[in-house]
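Encoded as structure tokens, the structure appears first; notes follow it.
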Ligand SMILES: C[S@@+](CC[C@H](N)C(=O)[O-])C[C@H]1O[C@@H](n2cnc3c(N)ncnc32)[C@H](O)[C@@H]1O
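Residue numbers (my numbering): 54 to 322.
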């Protein structure tokens, strides 16, 4: 099976190196983890190769871990156009990035890697997204939820999704990857890998709450999202589904108004 690094060639290797080296400001584990993850988990390459991140987006990255996405985008901005994978569109330049991360060590790693002022503002909040997302007052254009929702229980998953979608400006986008609990042994394998990574990164494991992909789709559609799915290679994260959702304009306007009302600025629609 062809890996993304084969087709992206030297420019892909340079991107991985550029993003990973930023973690020297954190610790050696963070550097190695970044290198390993960016190479072996194709989602970051797919996001760029398929233009899944809108240009000029205000990004809200929930459960951002050590902030790989932000560092990947910074590396992309530095690499383009001189050293850029063939066939990839120009990388997006975000307007801003806000990462929310529960695990203090990971939030610290993300902060260290993003400490030097870049071309766009980047902030990391160490907080429990179940409470913190409801407190995000600014609108965003892209909500990112990569491999996060299964760490919280079912009612919290629904509440967090609602809070996250409320932050989206009209036309805003959701980039979400979740496990597909109906994927049999691949789902069980994925969960086992997850526990190991969780233990390595945070020194703890917690129960995982997974749903079949069909249930995730129904949940998001019920919240006013139009969905499409982006195929992932089967070798990596075989039981996972990458969904790109767009919020219907009316749903977005209602959510925005509720948010402002919650912040005391506006009455709900
Ligand atoms: C598998 S990692 C994915 C990290 C990142 N999204 C990425 O793709 O590199 C899941 C992350 O979600 C974080 N997380 C889990 N529950 C959370 C919560 N309630 N609030 C904020 N972050 C949470 C974990 O600490 C972990 O860093």
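Using N, Cα and C, we set each Cβ at its ideal position, and we do this for glycine too. Note that the coordinates shown come from a computational prediction; the quantities given were computed from them, not determined experimentally.
Query                                                                                                    : Result
Ligand 1 heavy atom lying under 8 Å from the CB of residue 251                                           : yes
Three CB pairs or more closer than 8 Å across the segment 146-166 and the segment 101-113                : yes
Touching by the beta-carbon criterion (3+ pairs, under 8 Å), the segment 200-213 and the segment 251-263 : yes
Whether residue 280 touches residue 96 by CB criterion (9 Å)                                             : no
Span of the alpha helix (DSSP H), counted from its first residue to its last, around residue 96          : 96-102
Inter-residue Cα distance where the pair is residue 246 and residue 223                                  : 36 Å
Proximal residues to residue 269 (C-beta, below 6 Å), its chain only, five neighbours per side dropped   : 231
Assigned exposure category for residue 119 - 16 Cβ within 10 Å defines buried                            : buried
Where residue 56 sits in the DSSP three-state scheme                                                     : coil
Sufficient close CB pairs (3 or more, under 8 Å) joining the segment 155-167 to the segment 231-242      : no
Residue burial classification, residue 252 (beta-carbon count within 10 angstroms, cutoff 16)            : exposed
Residue 175, enclosing beta strand (DSSP E) - first and last residue                                     : 175-179
Contact test: residue 274 Cβ vs ligand 1 heavy atom, cutoff 8 Å                                          : no
When 161, 215 and 193 are compared against residue 184, the one with the closest alpha-carbon            : 215
Supposed contact pair residue 133 and residue 143 - C-beta distance, whole angstroms, cut 8 Å            : 6 Å
One or two residues paired with residue 152 in a DSSP bridge                                             : 114 and 177
Contact under 9 Å by Cβ, residue 78 with residue 168                                                     : yes
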